[in-house]
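Heads up, the sequence shown is in the numbering used here, so the first residue is 851 and it goes up one at a time.
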Amino acid sequence: MAENSVAVKTAGRTCGDFPEGKRVWLIGCKGMLGTELARLFERRGVPFTGTDREIDITNPAALASFTEQEAAAGRPIGWIVNCAAYTAVDRAEDDVEFCRRLNVDGAANIALAARNAGARLIHFSTDYVFDGRGIRDAASGGEPRPYREDDTTGPIGVYGLTKRDGENAVVENSPRSYIIRTAWLYGLYGNNFVATMLRLMNERDEIKVVNDQRGSPTWAFDLAALALEIIRADLQNRPPAYGIYHYTNEGNITWYDFARQIYDTGRGLGLVTKECAVKHCTSAEYPARVTRPAYSVLDKTKIKAALGVAIPSWDMSLRQYLKALGKERERT
Ligand SMILES: NC(=O)c1ccc[n+]([C@@H]2O[C@H](COP(=O)([O-])OP(=O)(O)OC[C@H]3O[C@@H](n4cnc5c(N)ncnc54)[C@H](OP(=O)(O)O)[C@@H]3O)[C@@H](O)[C@H]2O)c1
851 MAENSVAVKT AGRTCGDFPE GKRVWLIGCK GMLGTELARL FERRGVPFTG
901 TDREIDITNP AALASFTEQE AAAGRPIGWI VNCAAYTAVD RAEDDVEFCR
951 RLNVDGAANI ALAARNAGAR LIHFSTDYVF DGRGIRDAAS GGEPRPYRED
1001 DTTGPIGVYG LTKRDGENAV VENSPRSYII RTAWLYGLYG NNFVATMLRL
1051 MNERDEIKVV NDQRGSPTWA FDLAALALEI IRADLQNRPP AYGIYHYTNE
1101 GNITWYDFAR QIYDTGRGLG LVTKECAVKH CTSAEYPARV TRPAYSVLDK
1151 TKIKAALGVA IPSWDMSLRQ YLKALGKERE RT
C-alpha cells in the first residue's frame, strides 16, 4: 500500500487502495440513501467527507471552493457520490423552479465540480424518467418488457422531467460519470413506503394499496453497496464504462403485493403487532397529484455484466431490512 493511501475493505477483504490521500465526497449525506452510504463507508474504511445542505449544490462557487479547500488540505477528491436531489414527487408540481434548480442545475454544478477536480462522479436517477406505459416488442410477446438504459425517456411529471434533464446535464458536464437509475427506494433513514405501511398497519384495521402499478422495490443498503462496488472496481483498475445503468432489487411486483409481503414478514418479526386487512384498489381510487408510472421495471443486464454482481431479490432484501429495522428499534 502506498504511503498516504487507505485500503478499502469489502466483505472483509481489502479490495484496493485510495491513492495519494484521495477521498470520496458524499453529497446529500443526510438523506435516505446518503445516510446508508455514509454508514457503509464508515464500516468499510472508505475515506470520505459527507456534506448536505451546508454545501448548497445550487451554488457552483461553494462546490468549487470545497474541492479546492480539500485539495489544499491534502485530501483531494477522487470520487463524488451525489445523493442530493429534490425528491418530493407531488410537491414538485407546484415547486417547479426550485425542483429544477436542484435536480438540473445542482446536478450540472456537481458534474462540473467533478470535472474540474479530476474526479469521477456517481449520480442517482429514477424510473420516473420513463412514461410507465412499457415497451412491447416482438420478443416480449405483447407484454411490456423491462426498460433498458437506451430506451427513449418520456417523463410524465415535473420530478421525472427534472431528473431526466439532470442526467443530460451530468453527461454534458462530466464525461467521467456513472448515472444509476433506481426505483421504489426504501431504507432505515427517512420517509418511505415500507415505514409508512408499518405505521398504518399498526394503526388501522384495514388499508388499501394500489394494485395496478408494477415495479421493483430497492433496499437503499443494496444500492449503497452497488455504488461502493463501482468505486472498488475502479480501484482495482477494472472500472465499468461510464454512462447510465439501471439498478433495483430483482423481481417485480405491484405496490399491493409489496404491502402484503411487508405485512406478512412484519407480523412474523413482531414489527406489526395487530391484525390489519391489506386490500387492493386501483390508482383511480387513490388519486395523487402526479400520475405514477404504471410499469417501471428496469432491465439490469448492463450493470450485472459490467460488475459481475448478483443482485438480491426484493423479498430477501425486504426481510433483511425488516430484521435490521427491528434491531435498530431495540437499540433506541
Ligand atoms: N426515494 C426514492 O424512492 C427514489 C427512487 C428513485 C430514485 N431516487 C433517487 O435517489 C437519490 C437519493 O434519494 P433519497 O430518497 O435518498 O433522497 P432524500 O432522502 O430526499 O435526500 C436528499 C438529501 O439532499 C439534501 N439536499 C436538499 N437540497 C440540498 C441542497 N441544495 N444542497 C445540498 N443538499 C441538499 C436533502 O436535505 P433536506 O432533507 O433537508 O431537504 C437530503 O438530505 C436521488 O437522486 C433520488 O432522485 C430516489
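In this text, a Cβ means the ideal position worked out from N, Cα and C, and glycines have one as well.
Only counting the same chain, and skipping five residues up and downstream in sequence, which positions put a Cβ closer than 6 Å to that of residue i?
i     : result
A964  : I930, L971 and S1024
R1142 : Q1063
A1109 : M1047, V1059 and V1128
D1015 : V954
F1071 : E886
I1094 : E999 and I1029
I905  : A912 and F916
E1022 : none
W1105 : V1059, V1060 and Q1063
W1069 : S1167 and Y1171
Would you kindly check if the distance between the Cβ of residue j and the Cβ of residue i is under 8 Å?
i     : j     : result
L1172 : T1115 : yes
Y978  : Y1028 : no
T1098 : T1182 : no
N932  : F974  : yes
T1209 : N959  : Residue 1209 cannot be examined here, being either before or after the span of the chain that is shown, 851 to 1182.
I927  : A969  : yes
D940  : V1140 : yes
W1176 : L1119 : Contrary to the premise, residue 1176 reads as Gly rather than Trp in this sequence. Yes; because the gap between Cβ atoms is below 8 Å, this pair is in contact.
R995  : I985  : yes
I1103 : P1090 : no
N966  : A914  : yes
G1040 : G881  : yes
V1020 : A942  : no
Grab the span of the beta strand (DSSP E) containing residue i for me, first residue to last.
i     : result
R1216 : Here the chain covers residues 851 to 1182 and nothing more, so residue 1216 does not appear.
V931  : I927 to N932
T976  : R970 to T976
K1129 : A1127 to C1131
G1093 : G1093 to H1096
For the alpha helix (DSSP H) that contains residue i, what are its first and last residues?
i     : result
A1109 : W1105 to G1118
V874  : Unbroken run through V874 is the beta strand (DSSP E), R873 to I877; no alpha helix (DSSP H).
I1153 : T1151 to L1157
G1176 : W1164 to R1181
T901  : Run containing T901: none in the alpha helix (DSSP H); it sits in the beta strand (DSSP E), F898 to T901.
L887  : M882 to R894
A921  : P910 to A922
Between residue i and residue j, how many whole angstroms is the CB-CB distance? I'm expecting something under 8 Å.
i     : j     : result
E920  : T899  : 7 Å
N1061 : C1131 : 7 Å
L1157 : A1077 : Actually they do not touch by this definition, with Cβ atoms about 11 Å apart.
G1037 : L883  : 7 Å
L1168 : H1096 : With 8 Å as the limit, L1168 and H1096 do not qualify as a contact, their Cβ atoms being about 20 Å apart.
D935  : L952  : The identity of residue 935 in the sequence shown is Ala, whereas the question assumes Asp. Indeed they touch by this definition, with Cβ atoms about 6 Å apart.
G1101 : W1164 : 5 Å
Could you check if residue i belongs to the surroundings of ligand 2, using beta carbon to heavy atom distance under 7 Å?
i    : result
A888 : This structure lacks ligand 2; its bound ligands are ligand 1.
Consider the Cβ of residue i: report whether some Cβ of chain B lies at a distance smaller than 8 Å.
i     : result
F1071 : You won't find chain B in this structure, because it holds only one protein chain.
In chain order, what residues of the same chain have a beta carbon less than 7 Å from the beta carbon of residue i, not counting five sequence neighbours either side?
i     : result
L890  : A1074, A1075 and L1078
T1003 : V979, F980 and R1014
L1121 : L1048, L1172, L1175 and G1176
R950  : T1012
R873  : P897, F898, T899, R925, I927 and G928
R1179 : none
E853  : No answer about E853 holds up, because its pLDDT of 33 lies below 50 and its placement is not dependable.
Q1111 : D1165 and L1168
P1067 : W1034, Y1036, N1099, F1108, W1164 and L1168
Within its chain, find whatever has a CB closer than 8 Å to the CB of residue i; leave out the 5 residues flanking it on each side and keep chain order.
i     : result
C1126 : L1050, M1051, N1052, R1054, D1055, E1056, I1057 and Y1113
A1144 : G982, R983, G984, D1062, Q1063, R1064 and S1133
V1159 : L1076, E1079 and I1153
E1155 : It should be noted that the sequence gives Ala, not Glu, for residue 1155. There are no such residues.
F948  : Y936
At which residue ranges does the stretch 1032-1086 contain complete beta strand (DSSP E) runs of 3 or more residues, listed in the order of the chain?
-> 1056-1060
Run through the stretch 939-1017 for me and flag every whole alpha helix (DSSP H) of 4 or more residues, listed as ranges in chain order.
-> 946-950 and 957-967
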